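Below is one structure, written out as structure tokens; the observations come after it.
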Amino acid sequence: MNIENKNEMDTLNRLYEPLCTKAKSLMVYLQHEIQERYPVKFGFFNQHYVRTDSDWFMEYYPIPIVTVADLCDIGFDLHDIFIEFFLPRIIAVSVDYNRLASYHFEVYGAENYLEDYYNKEMSTHELIEKLQKSSEENIGITIFLSANTENQILIELINLVKSYKYEFT
1 MNIENKNEMD
11 TLNRLYEPLC
21 TKAKSLMVYL
31 QHEIQERYPV
41 KFGFFNQHYV
51 RTDSDWFMEY
61 YPIPIVTVAD
71 LCDIGFDLHD
81 IFIEFFLPRI
91 IAVSVDYNRL
101 ASYHFEVYGA
111 ENYLEDYYNK
121 EMSTHELIEK
131 LQKSSEENIG
141 ITIFLSANTE
151 NQILIELINL
161 VKSYKYEFT
């Protein structure tokens, strides 16, 4: 291996090590807290889209993801953590989005995922109107959190996702 490759690998390790450490910490915590009801698994996935100002940017590189079966994915990106889940549109229309008001969150279609139903420049009233007019069967919701969010907060949000998924079924 030449020095240039080692420097590139050191750079990648410096970026990925905190992400992997946090993801594995959450994985162990979730296995203890909810594994019996909701199996948990860990993996790396790429090709996520993130918004940079008003533009979309595809992340070609893989990031650690903890999947909580039947509930959500928790992603560990370079600058934040996100919780992503999907609801049938008929349920998404009835969700109380005020319970998410203290978080930065976005709502989008599962098929046309680059079309916003809600972002921080919109009102929840606009969100409901857009959802009612949508032809999407499923709606994606992503909650963005600081990279140093504690595991207990993530558990609370997982429980919120669970309530959204199952209170209307």
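Numbering (our numbering), first residue to last: 1 to 169.
Backbone N, C-alpha and C define an ideal beta-carbon position, used for all residues, glycine too.
Source: prediction; values computed, not measured.
Distance, Cα to Cα, residue i vs residue j?
{"i": "residue 138", "j": "residue 49", "result": "18 Å"}
{"i": "residue 134", "j": "residue 10", "result": "46 Å"}
{"i": "residue 118", "j": "residue 127", "result": "5 Å"}
{"i": "residue 93", "j": "residue 39", "result": "28 Å"}
{"i": "residue 166", "j": "residue 54", "result": "33 Å"}
{"i": "residue 59", "j": "residue 146", "result": "19 Å"}
{"i": "residue 28", "j": "residue 41", "result": "10 Å"}
Put residue i into one of helix, strand or coil per three-state DSSP.
{"i": "residue 93", "result": "coil"}
{"i": "residue 99", "result": "helix"}
{"i": "residue 130", "result": "helix"}
{"i": "residue 27", "result": "helix"}
{"i": "residue 71", "result": "coil"}
{"i": "residue 17", "result": "helix"}
{"i": "residue 116", "result": "strand"}
Per DSSP, which residues does residue i bridge with? Please list them.
{"i": "residue 146", "result": "80"}
{"i": "residue 59", "result": "48"}
{"i": "residue 139", "result": "87, 109"}
{"i": "residue 65", "result": "43, 75"}
By alpha-carbon positions, which one of the options ends up nearest to residue i?
{"i": "residue 30", "options": "95, 150, 51, 109", "result": "150"}
{"i": "residue 143", "options": "101, 130, 88, 91", "result": "101"}
{"i": "residue 20", "options": "52, 8, 80, 36", "result": "80"}
{"i": "residue 13", "options": "123, 109, 78", "result": "78"}
{"i": "residue 159", "options": "85, 112, 43", "result": "85"}
What do you reckon, are the CB atoms on residue i and residue j nearer than 9 Å?
{"i": "residue 22", "j": "residue 64", "result": "yes"}
{"i": "residue 33", "j": "residue 155", "result": "yes"}
{"i": "residue 106", "j": "residue 37", "result": "no"}
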